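Residue numbers (the numbering used here): 1 to 70.
Using N, Cα and C, we set each Cβ at its ideal position, and we do this for glycine too.
Since this is a predicted model, take the numbers as computed values, not measurements.
Quick notes on the structure that follows.
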């Protein structure tokens, strides 16, 4: 896993507010965005975002990690 790419993908997801918008910004498919996020969460051993069909919300760990990424 390219950790820097995964970190920038995570920041783009949060900044854009959705997986598909982040995919558009990064010129990658939503599926690739989901795989990258899942790989990052697996690598870190924590859930960064709570996802539903309508909403993304940072977890406490996600909020801390976002500050680290920035």
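Integer-rounded CB distance, given that residue 57 should sit under 8 Å from residue 49: 7 Å
C-beta atoms of residue 33 and residue 9 nearer than 9 Å: yes
Exposure of residue 17, with buried meaning 16 or more beta-carbon neighbours within 10 Å: exposed
Backbone CA spacing between residue 51 and residue 61 [nearest angstrom]: 14 Å
Same chain, Cβ closer than 6 Å to residue 42, neighbours up to 5 away in sequence not counted: none
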